[in-house]
Every structure is written in C-alpha cells, then in structure tokens.
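This report refers to the structure that appears directly beneath it.
Next comes the structure, spelled out in structure tokens:
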C-alpha cells in the first residue's frame, strides 16, 4: 500500500481557536471493522484517519482484493464519528464559557444564538474550502483527460 499526503494550500484562520487534534485510534477495534483486519487494512484505515484529521489530500493504493472499500468506509466513518463528537463537545464547552464569562447581562439564549451564528460562519468557510478542493480535483481530472 502506498500512502501519500499533500499539504493543503488553504490559509489557516488564526482568529478562531484551534480544534483539538484527534489522535489516530490505537485499538483497531475502534474502527468497527466487521472481522479481524489484515495489517494492510489496518494501516489503510489509520493512514486515512490521519489524512482526514489533518485536512490533507491522500492517495491510497493497494492490490486488488485487499479490502480497500471496506477499509475506506470503516476508516472514514470512524473519523466522522469522532469529528462530530469533538464538535459537540467543543460547542458545549463554548456555551459553558459564554455563560460563565457573561458580564453583559445578556440572556443565555442571546449568547447561544451568537455562538450558533459563528459556528455557521465557520461551517461556511469550511464548505468554501471543500469547494476549492473540488475545483482543484476537477482541474486535475480535466488535465488527465486531456493527456490521454
């Protein structure tokens, strides 16, 4: 299996607090693979998880019959599950901090609404980043098509 990561050229927004980095699961059972995975499948899932977490582009190759599809599904779903859990925890922590640091006397619901607006703004920025990545992929595909 070949694994290659390429850094994203997307600028980092330094005005937002950094999210906690998810560690690649040590226990292979965390990926909920339906049977005991081969080493190549385990490495595939771990490398995929790390690539997704770092927001990179990954190129994964593996011989026919090595379980790429199942490894891709299990690795991606595990990362997505952990990512959603992290977002929920982060949002709850931010809400708690807002309430505790509320010196303006604003009702909690006003603070939460402001937080939700900021979260939606951040999601919109991420979606814009995904769209730029897709445009890059489309350009590469177009270039490869012309090369043939």
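In UniProt numbering, the protein residues as written are 1 to 148. Don't be surprised by glycine CBs; every beta carbon is placed ideally from N, CA and C.
Can the beta-carbon of residue i be found less than 7 Å from the beta-carbon of residue j?
i	j	result
residue 75	residue 49	yes
Return the CA-CA distance between residue i and residue j, expressed in angstroms with no decimal places.
i	j	result
residue 34	residue 61	21 Å
residue 26	residue 45	11 Å
residue 142	residue 133	14 Å
residue 91	residue 146	46 Å
residue 47	residue 70	14 Å
residue 130	residue 88	21 Å
Helix, strand or coil: which one does DSSP assign to residue i?
i	result
residue 135	helix
residue 141	helix
residue 33	coil
residue 61	strand
residue 106	coil
Closest to residue i by C-alpha separation, out of the options, would be which residue?
i	options	result
residue 117	52, 103, 57, 94	94
residue 78	24, 20, 119	24
residue 82	40, 53, 99, 38	53
residue 55	37, 28, 22	22
residue 32	101, 72, 63, 103	72
If contact is defined by three or more beta carbon pairs under 8 Å, each pair taking one atom from either stretch, is the region 101-119 in contact with the region 133-145? Touching, no, given that fewer than three Cβ pairs across the two stretches are closer than 8 Å.
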